[in-house]
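Peer 1:
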Ligand SMILES: Cc1cc2nc3c(=O)[nH]c(=O)nc-3n(C[C@H](O)[C@H](O)[C@H](O)COP(=O)(O)OP(=O)(O)OC[C@H]3O[C@@H](n4cnc5c(N)ncnc54)[C@H](O)[C@@H]3O)c2cc1C
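Residue numbers (this note's numbering), protein chains in the order written: chain A, 1 to 380; chain B, 1001 to 1266.
1) Which residue marks the beginning of the beta strand (DSSP E) containing residue 1171/B, and which one marks its end?
2) Could you name the residues of the same chain whose beta carbon sits closer than 8 Å to that of residue 326/A, not counting the 5 residues immediately before and after it, in chain order?
3) Does at least one heavy atom of ligand 1 sit under 7 Å from the Cβ of residue 368/A?
4) Please state whether the Cβ-Cβ distance between residue 313/A and residue 302/A is less than 8 Å.
5) Which of the three DSSP states, helix, strand or coil, is assigned to residue 1097/B?
6) If we count the other Cβ atoms within 10 Å of its Cβ and call it buried at 16 or more, is residue 1178/B buried or exposed?
7) Taking residue 323/A as part of the alpha helix (DSSP H), name the residues at either end of that continuous run.
8) Who does residue 220/A pair with in a DSSP beta bridge?
9) Which residues bound the beta strand (DSSP E) around residue 236/A?
10) Taking contact to mean 3 or more Cβ pairs, one atom from each stretch, closer than 8 Å, check whether the region 219-232 of chain A and the region 1004-1020 of chain B are in contact.
11) According to DSSP, which residues form a beta bridge with residue 1006/B?
12) Assuming residue 1118/B and residue 1176/B form a contact by the criterion Cβ under 8 Å, report the distance between their Cβ atoms to the nearest whole angstrom.
13) Just to check my reading of the structure: residue 250/A and residue 209/A have Cβ atoms closer than 8 Å, yes? What is that Cβ distance to the nearest angstrom?
14) Are residue 299/A and residue 255/A close, meaning C-beta to C-beta below 8 Å?
15) Just how far apart, CA to CA, sit residue 14/A and residue 75/A?
16) Do residue 55/A and residue 48/A count as a contact pair if the criterion is CB distance below 8 Å?
17) Residue 1257/B by DSSP, collapsed to three states: which one?
18) Quick check: the Cα distance between residue 307/A and residue 87/A, rounded to an integer number of angstroms?
19) Should residue 1052/B be labelled buried (16 or more other beta-carbon atoms within 10 Å of its own) or exposed?
20) Using only the heavy atoms of ligand 1, determine whether one of them is closer than 7 Å to the beta carbon of residue 374/A.
21) In whole angstroms, what separates the C-alpha of residue 359/A from that of residue 131/A?
22) From this set, 152/A, 311/A, 198/A, which residue's C-alpha is nearest residue 214/A's C-alpha?
23) Closer than 6 Å by C-beta to residue 317/A: which residues in its own chain qualify, once you throw out the five before and the five after it? Chain order, please.
24) Would you tell me roughly how many angstroms separate the C-alpha atoms of residue 258/A and residue 1126/B, rounded to the nearest one?
25) Please name the residue in 67/A, 345/A, 121/A whose C-alpha comes closest to that of residue 155/A.
26) In the structure shown, what three-state DSSP assignment does residue 10/A receive?
27) Across the region 265-285 of chain A and the region 88-102 of chain A, are there enough close Cβ pairs to call them in contact, namely three or more that are closer than 8 Å?
28) Using only the alpha-carbon positions, how far apart do residue 204/A and residue 1025/B sit?
29) Give a yes or no on whether the C-beta atoms belonging to residue 217/A and residue 149/A are separated by under 8 Å.
30) Give me the chain A residues within the contact set of residue 1198/B, using Cβ-Cβ distance strictly less than 8 Å, ordered along the chain.
31) If you count every other CB in all the chains shown that lies within 10 Å of the CB of residue 329/A, and 16 or more means buried, which is it?
32) Applying the 10 Å Cβ sphere with the 16-neighbour rule, what's the burial state of residue 7/A?
33) For the region 59-71 of chain A, list every residue whose C-beta sits within 7 Å of some C-beta in chain B, in sequence order.
34) Could you work out which residues of chain D lie near residue 95/A, taking near to mean beta carbons separated by less than 7 Å?
35) From residue 1033/B to residue 12/A, what does the alpha carbon distance come to, in whole angstroms?
36) Using 10 angstroms around the beta-carbon of residue 135/A, count the other beta-carbons present and answer buried if the total reaches 16, otherwise exposed.
If you want it as structure tokens, here you go:
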């Protein structure tokens, strides 16, 4: 796909920022010790990357979905953790606000998130409700001007550093499934809110993930986001933007792994010649590059479909997420194969990329959930 | 108040260097970047803009594709750009270039409160001559090698980075300052800036627009008029790696003297 000159410039800028600021030392330190790099965050905030896709009137940069995809791709090519930092406020954090927030809520919560002054996260998953959020048990009971929130969310990206969370809770026990669920904006500093320990993870260790527990938390009714009992249904429509982001993260990882594999294949000599002289190796590279390019075109096209409000945009986002995340895992596997035993050693970047890629087929809807979404649209 | 920032598109010397038969650089076949010292000059201007809201104009002389660089500088925060471009200007050396740029600046008008920022030197020629020559031709005070700048109204206090120390100089606007990379860390573009950068004005000043400027002598511009003739261009051989000595001064002197003696230098 031929990009506009503006998008080409954005790509160059995202790449330059990622390569210069998110150094290998920072990446390795985060991978080893977990936590969160506040210095990098401060720079993300300063240059507006936390608000790439958020409208200018709410403190964002006014970019489109293609800009957002390019940011995720280029940041992730250097390290997916950087992409996730910048992605959260643009997608799952800011998305539901943009879709359902009233003017006051947008000013109060979206603007500081877009400027990177506050962290806002997305709390849907529960221990007993993953692919099937409709079975959630977190509930919110009305009490005068407040709702009393009780329950437990798990696997919440960014929870330990969050200022606000978009929380899904059942407000109508009589209704079933997605019906009877509402969205709330919860201040993480309210009494009764607590986070679990950050989970030790296989990859993306530089962005903390933990439980959030709500114990009789009093949430003001002004912080109900979207329509009562129907918040979830509305929000589901915005999830496809997040899926596009994960697709682009997968693409970036795969591109990064390919570049590592190409340079290693040219350098490493066995049987008296570079291993790239063997078709067994070079054809693997050809397959990797072809799959990456296919994913790239699918993702950019899905982004443009979102930007033009096309009817099939949502399905395209699911396809992009499904294909790109599975592709990234295949490509990282081959990148390690090309590195031989060295690919299994932590000193080589492909080892980390392989682990980071693994979550891409899981979060924001597993591959199977994407298959459900895609097949349903065919069979309806 | 307006700040002009003179910038140059240069070959990316981290890539392959290509040379034409006449000895000049084969710029078309090399990737280009914005000259690093010029980025510091732009950042210095933008910091003054952040405080005062003044206008920042990026000025370059170069072939038409140099417009892309001006757009990037606008995406960083400059208000507009000026591209000085014409076949007649091609192949100019520093003497010719500074005449043309000075002519263009005087054509645009340098006011009482205005400042001209340049990078110290361009990484392709490494002469550090164009900035000072522009100042001379415009008859403006100049301060070179700025590593820190404080602005207080019309007075600028500039810390110059010299080989053996610092020198602090005060200068009044209008003036020209050349900047070194130690001055600051240039900012990145923003998405918002990029979305706007192609909508902002970039004026093109060609030969026709500048030929009557009194500062420009038509006989001494371009490849033919330039007093400099390139004799030969070549890539210098790599120097060997240096060696750091350790220990007490006495031990290091002994070691050094021993090594020099072994090489029959002393
Ligand atoms: C690092 C990380 C960060 C996360 N961040 C967040 C976050 O910020 N916010 C948030 O709300 N959640 C977050 N999650 C949760 C994530 O979205 C869920 O893990 C995911 O939706 C899957 O749910 P589950 O883990 O309960 O798996 P399950 O739903 O139990 O699925 C187990 C397996 O069964 C398959 N399966 C389930 N149902 C079906 C079916 N009907 N047909 C076919 N196959 C099926 C699944 O595809 C999967 O292979 C995060 C998870 C991780 C690992």
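Built from N, CA and C at the ideal position, the CB exists for glycine as well.
Peer 2: From the atom records:
1) 1165-1172
2) Setting aside the 5 residues that flank it on each side, residue 326/A is surrounded in the same chain by 361, 367, each with a C-beta closer than 8 Å to its C-beta; the list follows chain order.
3) yes
4) yes
5) helix
6) The residue in question, residue 1178/B, is buried, as its Cβ has 16 or more Cβ neighbours within 10 Å.
7) 313-339
8) Residue pairing by DSSP places residue 220/A opposite 146/A in a beta bridge.
9) First-last for residue 236/A: 231-236, but that is the alpha helix (DSSP H), not the beta strand (DSSP E).
10) no
11) 1059/B, 1118/B
12) The Cβ separation is near 7 Å, so the contact holds.
13) Not confirmed; about 18 Å, so no contact.
14) no
15) 7 Å
16) no
17) helix
18) 17 Å
19) exposed
20) Residue 374/A Cβ: outside cutoff for every heavy atom of ligand 1.
21) If I take the Cα positions, the gap works out to 14 Å.
22) That would be 152/A, whose Cα lies nearest to the Cα of residue 214/A.
23) 240, 243, 244, 302
24) 37 Å
25) When each option's Cα is compared against that of residue 155/A, the closest is 121/A.
26) helix
27) Too few Cβ pairs lie closer than 8 Å, so no.
28) 45 Å
29) The answer is yes: Cβ separation under 8 Å.
30) 5, 6
31) With a 10 Å radius around the Cβ and a threshold of 16 neighbouring Cβ atoms, residue 329/A comes out buried.
32) Classification of residue 7/A: buried, given that the 10 Å Cβ count is 16 or more.
33) 61, 62, 63, 67
34) The structure shown contains no chain D; its protein chains are A and B.
35) Rounded to whole angstroms, residue 1033/B to residue 12/A spans 12 Å at the Cα level.
36) Exposed.
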